[in-house]
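The sequence shown begins at 3 in the working numbering and counts up by one.
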Amino acid sequence: MCYIIKSIAPGHSSIMPHSRIEIGRARWEHFPHQADMGVRGIGPTKEEAFTSAAMAMTAVITDLTLVDPVHPVSIVCDAPDDELLFVDWLNRLVYEMATRKMLFSRFVVRVHSHSLQATAWGEPVDPVRHQPAVEVKGATYTALSVRQDEQGQWVAQCVVDV
């Protein structure tokens, strides 16, 4: 089990355990990694695993239920393989969050070969309502994997730098 640290007031924090959240047939998880955090998306398709991992990344920052998916942002990525495509996807989300000062809570992802087209929906960060715990600086190659498990589920994971 890992923990999301959620700030509740300057100088105070509340630790909320979150190891897994299920959304239909897909789910996301966090896994601890030294001072950083691992994000893992699991789903019946590669697209759902990428979507779930994006939700896990937002959940490192804030409670997903606090983020209203009102503003769409289009994202396109290309990479030579699935693992690099996954890191590019998460890093593009980090870029969009930083430059637009937004958080995202809904995603539609399409992957064809090693090209990704997606829409992420979110809203501008409201520090009082969202109470961001940390800033995700980027997705790394640490613990990077995009694969199908023995049950045929897609698993996409890596460590994000916080």
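Note that the Cβ used here is the ideal one computed from N, Cα and C, for glycine as well.
Treat the numbers as computed from the prediction; the structure is a model and nothing was measured.
Sequence-distant residues of the same chain with beta carbon closer than 8 Å to residue i, five excluded per side
i	result
G13	A caution first: G13 carries a pLDDT of 33, below 50, which makes its placement in the model unreliable, though a value can still be read off. Within the same chain, G13 has no close Cβ partners at all.
A56	G43, W91, L92, L95, F106, F109, V111 and A122
R131	L68
Neighbourhood of residue i by C-beta distance below 7 Å, restricted to the same chain and skipping five residues each side
i	result
T60	L66, V69, L105, F106 and S107
R94	I77 and C79
Spatially closest choice to residue i from the options, by CA coordinates
i	options	result
A51	W156, M39 and V161	W156
A28	G45, M39 and G40	G45
K48	D38, V62, W30 and G40	W30
R102	V41, E152 and H73	H73
A135	V41, V164, Y97 and D151	V164
Q119	T53, M39, A158 and G40	T53
Q150	D38, D84, M39 and G40	D84
Sequence-distant residues of its chain with Cβ nearer than 6 Å to residue i (five each side left out)
i	result
A141	V89, L92, N93, C160 and V162
Beta-carbon proximity of residue i to residue j, cut-off 8 Å
i	j	result
P82	H116	yes
Q62	M99	It is Val, not Gln, that sits at residue 62 in the sequence shown. No. Outside cutoff.
Span of the beta strand (DSSP E), counted from its first residue to its last, around residue i
i	result
P126	S117 to P126
Do the segment 111-121 and the segment 70-90 meet, that is, are 3 or more Cβ pairs less than 8 Å apart? yes
Can we say the segment 111-130 touches the segment 141-154, given the rule of at least three CB pairs closer than 8 Å? no
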